[in-house]
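See below for the structure under consideration.
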Amino acid sequence: MSAEFDSTRSTRDYQDADAAHHIHAFVDQKALNEEGPRVMVSGDRLALWDNDGNRYLDGMSGLWCTNLGYGRKDLAGAATKQLEQLPYYNMFFHTTHPAVIELSELLFSLLPKHYSHAIYTNSGSEANEVLIRTVRKFWQVMGQPEKKIMIGRWNGYHGSTLAATALGGMKFMHEMGGTIPDVAHIDEPYWFAHEGNLSPEEFGLKAAQQLEEKILELGADKVAAFVAEPFQGAGGMIIPPATYWPEIQRICRKYDVLLCADEVIGGFGRTGEWFAHQALGFEPDTLSIAKGLTSGYIPMGGLILSRRMAEALVEKGGVFAHGLTYSGHPVAAAVAIANLKALRDEGVVTQVKTDTGPYLQNCLREVFGNHPLVGEIQGIGLVAALQFAEDKVTRKRFANENDIAWRCRTIGFEEGLIIRSTLGRMIMAPALIATRTELDELIDKTRIAVDRTAREYGIL
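Numbering follows the working numbering, in which position 76 of the sequence shown is assigned residue number 673; successive positions increment by one, without gaps.
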């Protein structure tokens, strides 16, 4: 399949204009200006084309979000229709509109029944900002205003705004602008890196029990919530051992601490369930959502509340002192409706669970299970990570693992593949509509990139 685009500007012209006016995310801007970014101009299903006509297989769903792939005319049509009818109205002034009402009805038909209300935002970062304020408001309403402390995890990621960054556990992000009060962290459940001599099951319990230790250290009467991704995304696509989440839930219930799941990456089918917490076996009090809600076609996020929280806030909370100009935006809501209907009616989530998810996981283990560069393979549904290691048996990681993984990622681009490097792990999360043929291409190009990397570093 070929790209259909007509650019009258050269790539160099685009790059120069970009360098003159744009600061990019998570990059050394000076270095990027010297290199020049790729200028992506079109997409179809899992394929992207740049301004020079090069084709790439997008193994990362954009940024974990294009669950239905590129080029969906139904999503574009929903946006166009809504733009023509009601392009904007707000959630202030005692008003609402059909698109956000119908989205909520559809969304809660897909969610477990113990959730009842949503607060809409424009991104996952905003959803987690709202989470912090809403959790604290809930405890005020419940007569326990001293419960303010939010506990997150080191190396967790919850967004790039100030409070969301503080809640996340990436220290290099904390260095840019500081943090906020009443936020604490425990270790990540990263067995390959931190297991010592424990089995995964033993390690999962030990990692979870750090939460109980932290709650007791801070005082249960002061801890409001534990917030974490069901599996870590930007922190390396780390899936905890099976013993981890049940123990976390037990601890939260014991001390009356809210359990809040950041489902921004894991939500809307990625794991083969509608939400990642369902695949990993626990029941959160809140869900932060975004990305797959609209398949990335237009910005939208939200915070999902349990009935317990929502009923308290509605019945006893008085004025909810929060609002965003674009919260519940009608065009975003219309696109989300079209997206969720497609995921449901086309059986996409079921396909990931029963067919393409197991296929990807099995193929990765067949191809990379004995690869000299790969120490561990983690994954569920259509998300996976290859852990690079110097010694698989002792789980010794490379001292320069960042450089090795970054080189593999760069070779991937050279081979027409987009996968992501995080620390010493190569991450992939293709669109949920991927066929076995498209997954074969993903695996084959990943193998080429890993093999080339291994040869360059004298490993293969």
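Ideal placement from N, C-alpha and C gives every residue a C-beta, glycine not left out.
Alpha-carbon spacing of residue i relative to residue j, whole angstroms
| i | j | result |
| --- | --- | --- |
| residue 1040 | residue 980 | 13 Å |
| residue 1106 | residue 897 | The first residue shown for the chain is 598 and the last is 1057, placing residue 1106 beyond what the model contains. |
| residue 1139 | residue 1051 | Lying outside 598 to 1057, the shown extent of the chain, residue 1139 is not represented and no answer is given. |
| residue 968 | residue 974 | 11 Å |
| residue 755 | residue 762 | 6 Å |
| residue 931 | residue 677 | 9 Å |
| residue 869 | residue 605 | 42 Å |
| residue 827 | residue 609 | 42 Å |
| residue 693 | residue 913 | 22 Å |
| residue 1011 | residue 658 | 18 Å |
| residue 1075 | residue 638 | Missing from the structure shown is residue 1075; the chain here goes from 598 to 1057 and no further. |
| residue 985 | residue 934 | 40 Å |
| residue 841 | residue 807 | 11 Å |
| residue 598 | residue 1013 | Residue confidence for residue 598 is low, a pLDDT of 46 falling below 50, so the modelled location carries little weight and cannot support an answer. |
| residue 607 | residue 939 | 37 Å |
| residue 953 | residue 663 | 16 Å |
| residue 1001 | residue 995 | 8 Å |
| residue 880 | residue 805 | 15 Å |
| residue 1063 | residue 1017 | The requested residue 1063 is not part of the displayed model; the chain covers only 598 to 1057. |
| residue 923 | residue 625 | 31 Å |
| residue 714 | residue 911 | 10 Å |
Beta-carbon proximity check, residue i vs residue j, cutoff 8 Å
| i | j | result |
| --- | --- | --- |
| residue 989 | residue 976 | no |
| residue 1009 | residue 982 | no |
| residue 873 | residue 863 | yes |
| residue 892 | residue 665 | yes |
| residue 712 | residue 903 | yes |
| residue 1024 | residue 970 | no |
| residue 1019 | residue 832 | yes |
| residue 641 | residue 674 | no |
| residue 744 | residue 818 | yes |
| residue 878 | residue 688 | no |
| residue 978 | residue 867 | yes |
| residue 1061 | residue 738 | Residue 1061 cannot be examined here, being either before or after the span of the chain that is shown, 598 to 1057. |
For residue j and residue i, believed in contact at Cβ under 8 Å, the rounded distance
| i | j | result |
| --- | --- | --- |
| residue 906 | residue 942 | The Cβ separation is near 31 Å, so there is no contact. |
| residue 927 | residue 696 | 4 Å |
| residue 746 | residue 759 | About 17 Å; that fails the 8 Å criterion. |
| residue 630 | residue 614 | In fact, because the Cβ distance is near 11 Å, the residues do not count as touching under 8 Å. |
According to DSSP, residues forming a beta bridge with residue i
| i | result |
| --- | --- |
| residue 993 | 988 |
| residue 653 | 645 |
| residue 823 | 748 and 856 |
At least three beta-carbon pairs within less than 8 Å, the segment 913-925 to the segment 746-762: no
Cβ contact (3+ pairs, closer than 8 Å) linking the segment 789-796 and the segment 722-731: no
The segment 1023-1036 in contact with the segment 933-946 per 3-pair CB rule at 8 Å: yes
Sufficient close CB pairs (3 or more, under 8 Å) joining the segment 636-654 to the segment 678-685: no
Any 3 or more C-beta pairs closer than 8 Å across the segment 835-847 and the segment 776-790: yes
Cβ contact check for the segment 704-713 and the segment 889-903: 3 or more pairs under 8 Å: yes
Validate contact between the segment 853-870 and the segment 812-821 using beta carbons, cut 8 Å, 3 pairs: yes
Cβ pair count under 8 Å reaching 3, the segment 818-825 against the segment 725-736: yes
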